[in-house]
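So the protein lines, in turn, are chains A, D and U.
Just so you know, we're using this note's numbering here: the first sequence kicks off at 668 and counts up by one.
Just so you know, we're using this note's numbering here: the second sequence kicks off at 17 and counts up by one.
Just so you know, we're using this note's numbering here: the third sequence kicks off at 9 and counts up by one.
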Amino acid sequence: MTFDVTILAPHVPFLLKGALLTAEACALALAGSLVIGLIVAALRTSSSVILSRAAFIYVDLFRNIPFIVQLFFFFYGLPEIGIYIDAFTTGVIALSIAGGAFSSDVIRSGILAIDTGILEAAEVSGLSRSVIFRKIVMPIALRTSIRPLGSVFINLVLTSSILSTITLNELTGSAKIVASDTFRPFEVYAVLLIVYASLTYLVSLAIGALHRHLNRDRMPEVA
Amino acid sequence: MMRYTSFTSYDFILLAQGLGVSLALFLATTLIGLFVGTMWAIIRFYRVPVLTQFITFFAELLKNSPVLVQLFLVFFGLPALAKINITPVEAAVITLSGNTAAFIYVIAVSAIESIGRDQIESARVFGLSRWQVLRHVIAPQAVAFAIGPLTGLLVNQLQVTSLISVIGVVDLTKIGNILNLRTLKPFIVWTVVGGLYYVTAKLIAYGGARLEQRLRAHTAWKGL
Amino acid sequence: MISVRGVRKSFGSATVLDGIDLEVHRGEVVSILGSSGSGKSTLVRCINGLEKLDGGRITVDDFDVSHPKQLAEARKRSATVFQLFNLYPHMTAVQNVTLAPIQVLKQSRTQAESAARALLDSVGLGARADAYPAQLSGGQRQRVGICRALAMKPSYLLLDEITSALDPEMTAEVLSILARLAKTGTTMVFVTHEIEFARTISSRIVFLDKGQLVVDLPTGQFFAPDGGMSKPRIAQFLSKMRKD
Ligand SMILES: Nc1ncnc2c1ncn2[C@@H]1O[C@H](COP(=O)(O)OP(=O)(O)OP(=O)(O)O)[C@@H](O)[C@H]1O
Ligand SMILES: [Mg+2]
Numbered sequence: 668m669t670f671d672v673t674i675l676a677p678h679v680p681f682l683l684k685g686a687l688l689t690a691e692a693c694a695l696a697l698a699g700s701l702v703i704g705l706i707v708a709a710l711r712t713s714s715s716v717i718l719s720r721a722a723f724i725y726v727d728l729f730r731n732i733p734f735i736v737q738l739f740f741f742f743y744g745l746p747e748i749g750i751y752i753d754a755f756t757t758g759v760i761a762l763s764i765a766g767g768a769f770s771s772d773v774i775r776s777g778i779l780a781i782d783t784g785i786l787e788a789a790e791v792s793g794l795s796r797s798v799i800f801r802k803i804v805m806p807i808a809l810r811t812s813i814r815p816l817g818s819v820f821i822n823l824v825l826t827s828s829i830l831s832t833i834t835l836n837e838l839t840g841s842a843k844i845v846a847s848d849t850f851r852p853f854e855v856y857a858v859l860l861i862v863y864a865s866l867t868y869l870v871s872l873a874i875g876a877l878h879r880h881l882n883r884d885r886m887p888e889v890a
Numbered sequence: 017m018m019r020y021t022s023f024t025s026y027d028f029i030l031l032a033q034g035l036g037v038s039l040a041l042f043l044a045t046t047l048i049g050l051f052v053g054t055m056w057a058i059i060r061f062y063r064v065p066v067l068t069q070f071i072t073f074f075a076e077l078l079k080n081s082p083v084l085v086q087l088f089l090v091f092f093g094l095p096a097l098a099k100i101n102i103t104p105v106e107a108a109v110i111t112l113s114g115n116t117a118a119f120i121y122v123i124a125v126s127a128i129e130s131i132g133r134d135q136i137e138s139a140r141v142f143g144l145s146r147w148q149v150l151r152h153v154i155a156p157q158a159v160a161f162a163i164g165p166l167t168g169l170l171v172n173q174l175q176v177t178s179l180i181s182v183i184g185v186v187d188l189t190k191i192g193n194i195l196n197l198r199t200l201k202p203f204i205v206w207t208v209v210g211g212l213y214y215v216t217a218k219l220i221a222y223g224g225a226r227l228e229q230r231l232r233a234h235t236a237w238k239g240l
Numbered sequence: 009m010i011s012v013r014g015v016r017k018s019f020g021s022a023t024v025l026d027g028i029d030l031e032v033h034r035g036e037v038v039s040i041l042g043s044s045g046s047g048k049s050t051l052v053r054c055i056n057g058l059e060k061l062d063g064g065r066i067t068v069d070d071f072d073v074s075h076p077k078q079l080a081e082a083r084k085r086s087a088t089v090f091q092l093f094n095l096y097p098h099m100t101a102v103q104n105v106t107l108a109p110i111q112v113l114k115q116s117r118t119q120a121e122s123a124a125r126a127l128l129d130s131v132g133l134g135a136r137a138d139a140y141p142a143q144l145s146g147g148q149r150q151r152v153g154i155c156r157a158l159a160m161k162p163s164y165l166l167l168d169e170i171t172s173a174l175d176p177e178m179t180a181e182v183l184s185i186l187a188r189l190a191k192t193g194t195t196m197v198f199v200t201h202e203i204e205f206a207r208t209i210s211s212r213i214v215f216l217d218k219g220q221l222v223v224d225l226p227t228g229q230f231f232a233p234d235g236g237m238s239k240p241r242i243a244q245f246l247s248k249m250r251k252d
């Protein structure tokens, strides 16, 4: 029984390339989830029964079906209907759609928590519904839900490892290659585990900082 | 050749088998995870030195890393390190149980905290033994508190089981893969597979809600 | 002119406004008095279109508030100050004040901002213009609320118990601003429990009781022994309020 991580040294650049791909996919999927999450949360809180119902069905479906099944649905299904996109794009789309379902739930509770008096003040001042949503509802909901959104994002990072199953050599995919090249799977995956855990820890630190920044007005002033 | 690309009635049996494997592993790992996670929480409650710190760290590591990587570590890594043989199902059981335990641990810890050390300590003053305190004071309240978050966790863990298809366990997702390759009808295959997962998840959520209701009614009745 | 004609409003089976008639002309300061639950807030919320009428008609400068298209015009002519301020928590004082002028009146940002700073300055908040609501005292927040309303250059200012969440010192800050506004001819509909103050600034006082407008008199007559005070309900209300 030997445990020697130094044998991984020559493979670090290759793994870093994978990590970069993971970072890119997660960043894009984060943006995608937020956009989808906002739109779906707006639909779910809208007064239209049909729209809120449709939004609910979307959230319910994508929250209750395993991500890998969703991923295969897109990866094998899209070419079937003539849409040929690469694994990276497919992965980002699938991650965004799944992440959007989770974010929309979080954003929705942020919206529902907004003091109705604030919305009434906006309404009587003659602001249009779209301005109220963009300038008041959205920023307030986003900043109150930044922590739960952070958890959604951390989950997104962890879930992105599943993209390795559609031939994408992101961090986990690259590690698989290194593991079979070196015949040292234990070292490779143990290190990978630590890397992911550290990555999510850094993300949670960043979220804490962002939360404090967005809610800075509630802190006592320095001056 | 065309014959092979169409669906046959045997495919239903395949799907049912796959679902059965998924469910069996889900149930087994849930029970093991429930037991292990609760043990961890109890160790933490009694502040066992070293072990508590180790468990806290280990649970954090499991919660904050991808299950897929954990699976690879157990299935590919452990045999290479310890020169032992591990079957895909064994690897799946070990990994999913450990992962579930980490999340159960968190729920159990907050359930115990919700009861409060004071209440537990005061029960001991009345001369109840450790085991009696656990059995009659902590457990009923902790279960009532935890059932909601637990349901959410289980719905999630059912989905996590789909990853074991990647190391070759022939669960529902793996059957999906097999049918997908043979029929080349990805939309139908993955819609059916997704639908089966969806219905199962809904049943778990429904069962959890029912159980919560019954527990609530029970405690309300006891309170009279 | 704000015209309220035969307005009725109920919540479920409870009738809250039971046939209200009221006119407010430009330049008037009309105070609305009445015990708790008499329907004062509901009346104001009907005027600014936050509640749908169950009967009757309200127009603001001839724009019917029950008509969706006209409501937008009606709302441009009135502005509301709220009891609980209702400031936008994520915006600074200046941003609170400039949002509607920029978005609704289509003012340029620089124009709206210099107007907002001048307004805030005039209520003694020049130095706090860039503070967030959470960093301001209650009295300061309500002064921002007043500026936010005034920035829309409304013909009518609707004020619903705007000092009841404030302590006496802060109340005085806010009331002094209203007194100044009254002097400059701002039209106001003023729901209040501050009777003495209402007496000094109002041109007219109306009294609501159980959803009905029982008295509508010029201020002098309202407080005269043979005017409003001759009604036992009002005499009782006033003596109770004065004791508090
Ligand atoms: N949205 C609502 N749903 C149900 N009942 C309501 C609603 N708004 C007001 N009411 C009821 O209508 C009545 C009048 O309320 P309103 O707020 O207009 O009184 P008010 O004169 O402003 O009282 P206060 O001096 O306490 O502010 C009260 O009995 C109140 O409970
Ligand atoms: Mg009121």
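No residue lacks a Cβ here, since even glycine has one placed at the ideal position from N, Cα and C.
This structure is a prediction, so every number in the text was calculated from the model and none was measured.
Using DSSP bridges, identify the partner residues of residue i.
i	result
residue 37(U)	196(U)
residue 31(U)	11(U)
residue 219(U)	Looking at the DSSP assignment, residue 219(U) forms no beta bridge with any residue, so it has no partner.
residue 164(U)	86(U) and 195(U)
residue 214(U)	40(U) and 224(U)
residue 71(U)	68(U)
residue 19(U)	22(U)
residue 63(U)	16(U)
Do residue i and residue j have their C-beta atoms within less than 8 Å of each other?
i	j	result
residue 757(A)	residue 742(A)	yes
residue 735(A)	residue 179(D)	yes
residue 97(D)	residue 729(A)	no
residue 52(U)	residue 168(U)	yes
residue 161(D)	residue 118(D)	no
residue 225(U)	residue 213(U)	yes
residue 64(U)	residue 14(U)	yes
residue 87(D)	residue 111(D)	yes
residue 682(A)	residue 865(A)	no
residue 87(U)	residue 166(U)	yes
residue 771(A)	residue 708(A)	yes
residue 131(U)	residue 55(U)	no
residue 227(D)	residue 163(D)	yes
residue 147(U)	residue 202(U)	no
Pick out whichever of the options has its Cα sitting closest to the Cα of residue i.
i	options	result
residue 80(U)	720(A), 764(A), 692(A) and 793(A)	793(A)
residue 215(U)	59(U), 195(U), 242(U) and 228(U)	242(U)
residue 785(A)	731(A), 771(A), 806(A) and 773(A)	806(A)
residue 175(U)	19(U), 91(U), 47(U) and 100(U)	91(U)
residue 172(U)	103(U), 198(U) and 60(U)	198(U)
residue 162(U)	195(U), 150(U), 106(U) and 177(U)	195(U)
residue 787(A)	89(U), 43(U) and 98(U)	89(U)
residue 212(D)	31(D), 22(D) and 24(D)	31(D)
residue 36(D)	177(D), 233(D) and 144(D)	177(D)
residue 671(A)	851(A), 876(A), 877(A) and 868(A)	851(A)
residue 46(U)	22(U), 9(U), 55(U) and 227(U)	22(U)
residue 34(D)	208(D), 101(D) and 113(D)	208(D)
residue 127(U)	75(U), 160(U) and 97(U)	160(U)
Rounded to the nearest angstrom, how far is the Cβ of residue i from that of residue j, given a contact under 8 Å?
i	j	result
residue 700(A)	residue 777(A)	Their Cβ separation, rounded to whole angstroms, is 15 Å, which puts residue 700(A) and residue 777(A) out of contact at 8 Å.
residue 194(D)	residue 91(D)	20 Å between Cβ atoms; not a contact.
residue 45(D)	residue 116(D)	6 Å
residue 105(U)	residue 152(U)	7 Å
residue 804(A)	residue 781(A)	6 Å
residue 93(U)	residue 149(U)	5 Å
residue 200(U)	residue 39(U)	6 Å
residue 675(A)	residue 798(A)	Their Cβ separation, rounded to whole angstroms, is 54 Å, which puts residue 675(A) and residue 798(A) out of contact at 8 Å.
residue 85(D)	residue 868(A)	The pair is not a contact, with the Cβ atoms about 15 Å apart (cut-off 8 Å).
_Where the region 176-187 of chain U meets chain A: residues whose CB sits under 9 Å from a CB there_ = Hits within the stretch: zero.
*Using a Cβ-Cβ cut-off of less than 9 Å, give me the residues of the region 717-728 of chain A that come near chain U, in sequence order.*
Cβ contacts with chain U come from no residue of the region 717-728 of chain A.
*Identify each residue in the region 793-805 of chain A for which the Cβ-Cβ distance to at least one residue of chain U is less than 7 Å, and report them in chain order.*
From the region 793-805 of chain A, only 793, 794, 798, 802 and 803 have a Cβ closer than 7 Å to chain U.
*Of the residues that make up the region 824-846 of chain A, which ones have a beta carbon closer than 8 Å to any beta carbon in chain U?*
Only those residues of the region 824-846 of chain A whose C-beta falls short of 8 Å from the nearest C-beta of chain U would be listed, and there are none.
*asked:* Can you pull out the residues from the region 93-121 of chain U whose beta carbon lies closer than 7 Å to at least one beta carbon of chain A?
replied: Listed by position along the chain: 94, 96, 97, 98, 107, 108, 111 and 112.
*Just by C-beta distance, which residues in the region 685-712 of chain A are closer than 9 Å to chain D?*
Listed in sequence order: no entries.
_Which residues of the region 769-795 of chain A have a Cβ closer than 8 Å to any Cβ of chain U? Give them in chain order._
Against chain U - using a Cβ distance shorter than 8 Å - the residues of the region 769-795 of chain A are 782, 784, 785, 787, 788, 789, 790, 791, 792, 793, 794 and 795.
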